[in-house]
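What follows is a set of notes on a single structure, which appears directly below.
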C-alpha cells in the first residue's frame, strides 16, 4: 500500500494504518497526543465508528480550555464491534460519518473557544478522482485546527501521502520538500514568510495555496 505519513523520519503506510484500525476496539474520545500517526489513527477510528471526538492541541494546558473534563483525557472507551474492513471501506465510512468533532480555536485573541463540526462541513472542499492520485502533501498546519483537518481529509480520502513539516525549521522544510518529492503545499502566510528568501526551485511542487489565517 501507499505511504500514509512521513513524520520525523518515520514512514507509516496505509497498511499500518489499516492494521491499527482493525486491530483495536477502543479509542480516546478526549485525546491529547503529539504523535501524528497515533493521533490520526484515533481520529479515523472514531469517525469510521460514528462516535464523538474532542481534539486537543498537544501544546495547550488544561486550564486554557474551558468545559473540558481533565479526568476523561486520554481515557479509552470501547468502540462498537465490527469486522475487519478495507481501507476503501474505512474512507467511505469516514465520508459518511455522523460523528461530531469538537475543536478549539487557536486562542490568539484570548482563551480558546470550543467549536463543533461535522465531517460533511470539514470535507466540503475535498476533491477526489484519478487526477488526485499520487499527490504528496507537505503538512504545515496544527492537526487539531480546521485547516489541518481539511488538508488531512483531502490527502486521506485520495490515499495520498502527508509529509509533516509543521514546526520544522526553514532548512528542515526545504530538505523534506526535496527529499520526499512534495507536490502540494497548503500553509499559512506566516509559514511561507519563515521560508524567505527562496533560494532554489522545486519543480515537483505543482500547487501552493494559502490558508489557516488572514493574508496581507
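Numbering (UniProt numbering), first residue to last: 1 to 216. The beta carbon of each residue, even a glycine, is placed where N, CA and C say it ideally should be. What you are looking at is a predicted structure, and each value in this text was computed from that prediction instead of being measured.
Between which two residues does the alpha helix (DSSP H) containing residue 97 stretch? If you number the chain shown from 1, residue 97 lands on position 97. Counting along the chain, residue 97 falls outside any alpha helix (DSSP H), and DSSP gives it neither H nor E.
Inter-stretch contact at 8 Å, needing at least 3 Cβ pairs: the stretch 44-63 / the stretch 174-186: no
Closest to residue 218 by C-alpha separation, out of 22, 1, 147, would be which residue? As displayed, the chain neither begins before 1 nor continues past 216, which places residue 218 out of reach and without an answer.
Whose C-alpha, out of 199, 72, 12, 184, is nearest the C-alpha of residue 134? If you number the chain shown from 1, residue 134 lands on position 134. For residue 134, the nearest C-alpha among the options comes from 184.
Does DSSP classify residue 185 as helix, strand or coil? Position 185 of the chain shown, counted from the first residue, corresponds to residue 185. If DSSP states are grouped into helix, strand and coil, residue 185 belongs with the strands.
Cα-Cα separation between residue 170 and residue 139, rounded to whole angstroms: Residue numbering aside, residue 170 sits at position 170 when the chain shown is read from its first letter. Residue numbering aside, residue 139 sits at position 139 when the chain shown is read from its first letter. Their Cα atoms are separated by approximately 14 Å.
Between residue 157 and residue 126, how many whole angstroms is the CB-CB distance? I'm expecting something under 8 Å. Counted from its first residue, the chain shown places residue 157 at position 157. Counted from its first residue, the chain shown places residue 126 at position 126. Yes, they are in contact, since the Cβ atoms of residue 157 and residue 126 sit about 5 Å apart, within 8 Å.
Could you say which of 112, 128, 191, 178 lies nearest to residue 154 if we only look at CA atoms? Within the chain shown, residue 154 is the residue found at index 154, counting from 1. Closest option to residue 154, Cα to Cα, is 128.
By how many angstroms is the C-alpha of residue 152 removed from the C-alpha of residue 211? Here the question's residue 211 lines up with position 211 in the chain shown. Here the question's residue 152 lines up with position 152 in the chain shown. Their backbone Cα atoms lie some 13 Å apart in a straight line.
Mapping the DSSP letters down to three states, classify residue 31 as helix, strand or coil. The residue labelled residue 31 in the question sits at position 31 within the chain shown. If DSSP states are grouped into helix, strand and coil, residue 31 belongs with the strands.
Whether or not the stretch 68-75 and the stretch 20-34 are in contact is what I'm after, with contact meaning three or more pairs of Cβ atoms, one per stretch, closer than 8 Å; do they touch? yes
Taking Cβ positions, are residue 35 and residue 145 nearer each other than 9 Å? Residue mapping note: residue 35 aligns to position 35 of the chain shown, counting from 1. Residue mapping note: residue 145 aligns to position 145 of the chain shown, counting from 1. For residue 35 and residue 145, no; Cβs fall outside 9 Å.
So, residue 164 versus residue 47, is the Cβ gap smaller than 9 Å? Along the chain shown, read from residue 1 onward, the residue named residue 164 stands at position 164. Along the chain shown, read from residue 1 onward, the residue named residue 47 stands at position 47. No, the pair does not count as a contact, with Cβ atoms beyond the cut-off.
Segment limits, beta strand (DSSP E) that includes residue 173: Numbered from 1 along the chain shown, position 173 holds the residue referred to as residue 173. Counting along the chain, residue 173 falls outside any beta strand (DSSP E), though it belongs to the alpha helix (DSSP H) covering 170-179.
Identify which residue in 149, 131, 120 has its Cα closest to the Cα of residue 43. In the chain shown, counting from the first residue as 1, residue 43 sits at position 43. Residue 43 has its Cα closest to that of 149, out of 149, 131, 120.
With DSSP collapsed to three states, give me the class of residue 86. Numbered from 1 along the chain shown, position 86 holds the residue referred to as residue 86. Coil, per DSSP.
If we ignore side chains and look at the alpha-carbon of each, how far apart do residue 115 and residue 39 end up? Your numbering for residue 115 matches position 115 in the chain shown. Your numbering for residue 39 matches position 39 in the chain shown. Answer to the nearest angstrom: the Cα atoms are 19 Å apart.
Under three-state DSSP, which class holds residue 70? Mapped onto the chain shown, residue 70 falls at position 70. The answer is helix: DSSP assigns residue 70 an H, G or I state.
Between residue 2 and residue 159, which are expected to be in contact by the criterion C-beta below 8 Å, what is the C-beta distance as a whole number of angstroms? Residue numbering aside, residue 2 sits at position 2 when the chain shown is read from its first letter. Residue numbering aside, residue 159 sits at position 159 when the chain shown is read from its first letter. That belief holds up - the Cβ atoms of residue 2 and residue 159 are roughly 5 Å apart, short of 8 Å.
Chain-order list of residues whose beta-carbon lies under 8 Å from that of residue 137 (same chain, five-residue window excluded): To locate residue 137, count along the chain shown from 1; it is residue 137. Answer for residue 137: 151, 154, 155, 160, 161, 162, 163, 182, 183, 184, 185, 186, listed in chain order.
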